[in-house]
Amino acid sequence: QQQVKQSPQSLIVQKGGISIINCAYENTAFDYFPWYQQFPGKGPALLIAIRPDVSEKKEGRFTISFNKSAKQFSLHIMDSQPGDSATYFCAASKGGDSSYKLIFGSGTRLLVRP
Amino acid sequence: NAGVTQTPKFRVLKTGQSMTLLCAQDMNHEYMYWYRQDPGMGLRLIHYSVGEGTTAKGEVPDGYNVSRLKKQNFLLGLESAAPSQTSVYFCASRRTSGGTIPYEQYFGPGTRLTVT
Chain A
29 QQQVKQSPQS LIVQKGGISI INCAYENTAF DYFPWYQQFP GKGPALLIAI
79 RPDVSEKKEG RFTISFNKSA KQFSLHIMDS QPGDSATYFC AASKGGDSSY
129 KLIFGSGTRL LVRP
Chain B
415 NAGVTQTPKF RVLKTGQSMT LLCAQDMNHE YMYWYRQDPG MGLRLIHYSV
465 GEGTTAKGEV PDGYNVSRLK KQNFLLGLES AAPSQTSVYF CASRRTSGGT
515 IPYEQYFGPG TRLTVT
């Protein structure tokens with residue numbers, strides 16, 4: 029049973045467009061929601077993260093929107109660039125778990141066409 | 415500062431063979447993790463360690479063993495490899511949280527393992 033569901037599986041966007049990736053979760057004990065970016069042949073790297081006490085967090089062109097009541101969060105990439113072409117993973121971590129294990133979504137492969 | 419390194423980068427095993435994957439970090443991190451990445455399944459946690467000499471099972475531990483004899487190293491072992499263990503393996507590390515905010519996990523470049 030997948031605890032964090034991610035969609036879409038793949039996404040093609042034109043340069044300058046907005047990329048939107050969605051994630052949903054069931055466990056209300058989750059209290060930390062990071063997004064990781066992975067380029068081919070590399071390990072994932074933290075892109076941006078949010079806690080459920082805020083509804084939105086923005087860093088440059090990247091924004092996380094968080095809907096606690098719907099148990100959903102999404103990544104928005106504004107003015108998408110070809111260099112943003114990568115695989116994106118959402119994740120979640122349980123509060124009170126001192127090991128802060130991450131549970132990942134299945135990933136979204138983003139292609140930004142020039 | 416190399417961050418997180420993994421050895422080897424690629425490996426091909428035959429069914430039943432054994433091998434050890436090495437993860438090393440030079441950031442003095444307490445926490446280390448081993449994940450496997452399969453198409454359409456994201457990253458799944460195999461085992462993790464919250465400090466030197468400690469290990470714990472993750473989501474998919476069967477068929478794997480780990481050891482953390484030194485703080486900077488985390489070893490993942492496959493005693494009898496199976497085709498189902500064909501995957502890309504990632505190691506990650508994280509420093510001890512200074513409060514209620516968890517810190518990011520730093521990932522290595524991965525090991526691509528094929529079991530025939």
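As you go down the protein sequences, you meet chains A and B in turn.
So the first sequence is numbered by our numbering: it starts at 29 and just counts up by one.
So the second sequence is numbered by our numbering: it starts at 415 and just counts up by one.
Positions of the beta carbon are idealized from the N, C-alpha and C atoms, including for glycine.
- In the DSSP secondary-structure assignment, B:LEU490 is bridged to B:LEU435, B:VAL480.
- Contact note: B:LEU459 reaches chain A through LYS129, using a C-beta cutoff of 7 Å and chain order.
- Neighbours of A:PRO62 in chain B, taken as residues whose beta carbon is under 8 Å from its own, are GLU518 in chain order.
- In this structure the region 89–108 of chain A lies against the region 40–55 of chain A, because at least three pairs of beta carbons, one per stretch, are closer than 8 Å.
- The criterion of a C-beta distance shorter than 8 Å is satisfied by A:TRP63 and A:TYR116.
- Along the region 63–75 of chain A, going in chain order, the ones with a CB nearer than 9 Å to a CB of chain B are TYR64, GLN66, GLY69, LYS70, GLY71, PRO72, ALA73, LEU74.
- Among the residues of chain B, those whose CB is under 8 Å from the CB of A:GLY133 are GLY456, following chain order.
- Residue contact check for B:PRO422 against chain A: no CB pair falls below 8 Å.
- Judged by their CB atoms, B:SER481 and B:THR468 are not nearer to each other than the 8 Å cut-off.
- Using beta-carbon distances, B:PRO523 counts as an interface residue toward chain A, with a partner under 8 Å.
- As the crow flies, the alpha-carbon of B:SER494 is around 11 Å from that of B:THR434.
- In chain order, SER127, LYS129 make up the part of chain A whose C-beta sits under 8 Å from the C-beta of B:TYR462.
- For A:PHE117, the C-beta contacts it makes with chain B under 8 Å involve GLY456, LEU457, in order along the chain.
- When DSSP reads this structure, B:HIS461 sits in a beta bridge with B:TRP448, B:LYS471.
- Three or more Cβ pairs closer than 8 Å define a contact, and the region 418–438 of chain B falls short of that threshold against the region 81–94 of chain A.
- The closest CA to that of B:LEU490, considering only B:THR419, B:GLY430, B:LEU436, is found on B:LEU436.
- Taking 8 Å as the cut-off, the beta carbon of B:LEU492 is found no closer than this to the beta carbon of B:GLY472.
- CA-CA distance, A:LYS33 to B:GLU518, rounds to 21 Å.
- The beta carbon of A:GLU84 sits closer than 6 Å to those of SER93, all from its chain and outside the five residues before and after it, given in chain order.
- Cβ contact annotation for A:LEU130 (same chain, cutoff 6 Å, sequence separation greater than five): ALA119, SER121, in chain order.
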